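2 protein chains.
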Amino acid sequence: MADKVEFNTMKLDDIDRRILRALQRDGRMANNELANEVGLSPSPCLRRVKLLEEAGVIDRYVAVLNPASIGKGLTFFTRIWLKTQDEDTVQHFATEVAKLPQVMECYLMLGDCDALVRVVAADVNDYRRFQSEHLSRIKGVQNVKTDVPSWTIKYTSELPI
Amino acid sequence: MADKVEFNTMKLDDIDRRILRALQRDGRMANNELANEVGLSPSPCLRRVKLLEEAGVIDRYVAVLNPASIGKGLTFFTRIWLKTQDEDTVQHFATEVAKLPQVMECYLMLGDCDALVRVVAADVNDYRRFQSEHLSRIKGVQNVKTDVPSWTIKYTSELPI
DNA sequence: CACCGCTCCGCAATTTGGTTGCGAAGATTG
DNA sequence: CAATCTTCGCAACCAAATTGCGGAGCGGTG
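Shown next, in the form of structure tokens:
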């Protein structure tokens, strides 16, 4: 089967990939419409979607908001250095930072800094308060340095398939 | 109206915010269920959702995939320096980089580097090919430096409301 | 080649949810 | 207070989702 590509536990064929592309673009696309787009009747199309969900390929469906319209129009990238690298400090940091609602992304890094965090905020003051009241207070955080984007050129959740 | 908070063109009350929180978590929640959760009957609940969509507060609904299950389990952060800062170079870079499917996020930066890009790839080789065949070939790109996360502690699209 | 078994599809019936319009309730203003 | 505006809830209608069954297509074996 030349068009079958195997990833993890589930093989995705051409139709699966078309389904995924369509649903990444429009997560509320009606099944009838999706079926039409991928060239199946609604019933098998729905079954495939269910399979993709059950297999965890489709993780979830979300509403994507316009950040500015809910007062979180600014993004900041914060590099963080920890006091030590031991497992307890790292794990504690991870647990605490993940709890902060203004943190959208957090990565433990292999190079330049110990962690990289993307934070949303209303304005610079909002960010500064967040940093001093929440981020810098996490036990183990030694140093914090923030970079500010002037323009978000691209921000998508759509993975290439 | 003490619980009315105004952002941009549309005021969001407590019920709106509950709706947004629920739909950010589950973009395919049935309207009946959503209505139940926010304490309305289905009809006014649906009307509010429609208003939030039309006002652009809800930008879109998407399926979020598991990156590993479609063969893009690694993330790389690439800092880019451009040859010059003039508007033409910047605009050209922006246009070209936004076209690259493996680029999930791209920001023009105010400090450290000229641009920061988040790239998904299957493995290091996949990334290296992408960099040399696509990223570094964009006219105007002078230098490229990539950081590698060892752990994605948090990655969410759910904005704090 | 033919036959068999498995997988996936499509159709149709049933169930569930979305949509719409109207009257009522609640909130605001003079 | 009364009048008006805004939002809600109900119910009818329509659309879409879901499910089950039979059929079609494909692959493997003799």
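Protein chains in written order, with my numbering: chain A, 21 to 181; chain B, 21 to 181. The beta-carbon is built from N, C-alpha and C at its ideal position, and this holds for glycine as well. Quantities reported herein were computed from a predicted structural model and do not represent experimental measurements.
What did DSSP end up calling residue i once you bin it into helix, strand or coil?
i               : result
E26 of chain A  : In this prediction, E26 of chain A scores a pLDDT of 46, lower than 50, which makes its location untrustworthy; the coordinate-derived value is nonetheless stated afterwards. Here E26 of chain A sits in strand by DSSP.
D167 of chain B : strand
D143 of chain A : coil
M21 of chain A  : Interpretation of M21 of chain A is limited by its pLDDT of 35, a score under 50 that renders its predicted location unreliable; the figure taken from the coordinates is listed afterwards. Three-state result, M21 of chain A: coil.
I78 of chain A  : strand
A50 of chain B  : coil
L219 of chain A : Here chain A comprises residues numbered 21 to 181, so residue 219 of chain A is not present and cannot be evaluated.
I173 of chain A : strand
K70 of chain A  : helix
P180 of chain B : coil
R38 of chain B  : helix
R138 of chain B : strand
V161 of chain A : strand
C65 of chain B  : helix
Using 7 angstroms as the limit for Cβ to Cβ distance, is residue i near chain A?
i               : result
P64 of chain B  : no
W101 of chain B : no
K92 of chain B  : yes
Y147 of chain B : no
K31 of chain B  : no
V118 of chain B : Note on identity: in this sequence residue 118 of chain B is Ala, with Val being the wrong assignment. Cβ-Cβ to chain A under 7 angstroms: yes for A118 of chain B.
A141 of chain B : no
Q16 of chain B  : With chain B running from 21 to 181 in the structure shown, residue 16 of chain B is simply not present.
Would residue i pass as an interface residue toward chain B - the criterion being a Cβ-Cβ separation below 7 angstroms?
i               : result
I181 of chain A : yes
D132 of chain A : yes
E105 of chain A : Here residue 105 of chain A is Gln; the residue named in the question, Glu, does not match the sequence. No - not a single Cβ of chain B is within 7 angstroms of the one on Q105 of chain A.
R38 of chain A  : no
P121 of chain A : yes
A22 of chain A  : Low confidence applies to A22 of chain A: its pLDDT is 35, below 50, so where it sits in the model is not reliable, and the reading given next is rough at best. Not an interface residue.
Ordered along the chain, which non-local residues of its own chain (more than five positions away) have a Cβ less than 8 angstroms from that of residue i?
i               : result
D167 of chain B : F96, F97, T98 and R99
A42 of chain A  : M49, L54, E57 and V58
H6 of chain A   : Lying outside 21 to 181, the shown extent of chain A, residue 6 of chain A is not represented and no answer is given.
L66 of chain A  : N51 and A55
K103 of chain B : T109, G160, V161 and Q162
L128 of chain A : V110, A114, D134 and A135
E107 of chain A : none
G131 of chain B : none
With a CB to CB cut of under 6 angstroms and the five nearest residues on each side skipped, what residues in its chain are close to residue i?
i               : result
S156 of chain A : V164
P62 of chain A  : N51, N52 and A55
I78 of chain B  : L72
Y81 of chain A  : G47
E266 of chain A : Because chain A in this structure spans residues 21 to 181, residue 266 of chain A falls outside the shown range and cannot be described.
Please go through the same chain and pick out, in chain order, the residues whose beta-carbon is closer than 7 angstroms to the beta-carbon of residue i, but skip the five residues on each side of it.
i               : result
W101 of chain A : C133, D134, Q162 and N163
R37 of chain A  : I181
A118 of chain A : C126
L60 of chain B  : I35
I158 of chain A : F113, E116 and V117
D23 of chain A  : Residue placement at D23 of chain A is flagged as unreliable, the pLDDT there being 44, under the threshold of 50; the coordinate-derived value follows with that caveat. Excluding residues within five positions, the ones whose Cβ falls inside 7 angstroms are D33 and D34.
Does at least one heavy atom of the ligand ADP sit under 6 angstroms from the Cβ of residue i?
i               : result
E153 of chain B : Questions concerning the ligand ADP fall outside what the structure shown contains, since it holds no ligand whatsoever.
_Just to confirm the assignment: which complete beta strand (DSSP E) runs, minimum length 3, are found wholly within the segment 86 to 129 of chain A?_
List check, beta strand (DSSP E) in window: 94 to 102 and 123 to 129.
*Quick one: which residues of the segment 43 to 62 of chain B get their C-beta closer than 8 angstroms to a C-beta of chain A? List them in chain order.*
Hits within the stretch, in order: L43, Q44, R45, D46, G47 and R48.
_So if I threshold CB-CB distances at 8 angstroms, which residues from the segment 167 to 178 of chain A count as touching chain B?_
Near chain B, meaning a CB-to-CB distance below 8 angstroms, the residues of the segment 167 to 178 of chain A are D167, V168, P169, S170, W171, T172, I173, K174, Y175, T176, S177 and E178.
*Between the segment 71 to 95 of chain B and chain A, which residues of the former have CB atoms less than 8 angstroms from a CB of the latter, in chain order?*
Within the segment 71 to 95 of chain B, the residues whose Cβ lies closer than 8 angstroms to any Cβ of chain A are, in chain order, A75, G76, V77, I78, D79, R80, Y81, V82, A83, V84, L85, N86, P87, A88, S89, I90, G91, K92 and T95.
*Name, going along the chain, the residues of the segment 148 to 161 of chain A whose beta-carbon falls closer than 7 angstroms to a beta-carbon of chain B.*
Result list empty, no residue passes.
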